[in-house]
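To convert, note that position 36 of the sequence shown is 50 in the numbering used here; the numbers rise steadily by one, no gaps.
The C-beta atom is built at its ideal place from N, Cα and C for all residues, glycine as well.
Below: one structure, written as structure tokens.
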Amino acid sequence: MLGETLVELGYLSGEQLQDALAIEERNRTLPLGQILADMGVVEPEVIHAVMARKLVTGGKTDVQFDDLGATYAFGLAAFDNAQVRHAFQTGALKLQFGK
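Put into structure tokens, the structure is as follows:
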């Protein structure tokens, strides 16, 4: 899943992923992320960020970001604890994933 996500996001080519998977097959002690970082094809920070976020949670009430090419509409509101000032955005904001 990590490799496919990195390819889908444009951080890695399919050929680079295949090369890394071949190394992983020969050396089962190294995780794929470490192999990609050691190869120098993806920065460790990118690997951590991709692994930290889960875009498709499977939860019934969660937004499923299962199409990274799609535009997702959402609303935004912020409430302070004093209940004096509240901020909100009228209309829908749009979220698009970049590469």
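The closest CA to that of K108, considering only R67, F79, Y25, G24, is found on F79. C-alpha of L26 to C-alpha of G72: approximately 26 Å in a straight line.
Judged by beta-carbon spacing, L69 lies within the 9 Å limit of L82, meaning their Cβ atoms are closer than that value.
Contact check for Q110 against Y86 passes: the beta carbons are separated by less than 9 Å. According to DSSP, residue pairing for Y86 in a beta bridge involves L109. G112 counts as exposed, since fewer than 16 other beta carbons sit within 10 angstroms of its beta carbon.
Contact between G17 and A34 holds: CB atoms are separated by about 7 Å, below the 8 Å threshold. For A51, the enclosing alpha helix (DSSP H) begins and ends at 46-53. About 7 Å separates the beta carbon of A106 from that of F88, a gap short enough to meet the 8 Å contact definition.
In this chain, the alpha helix (DSSP H) harbouring A63 covers 58-66.
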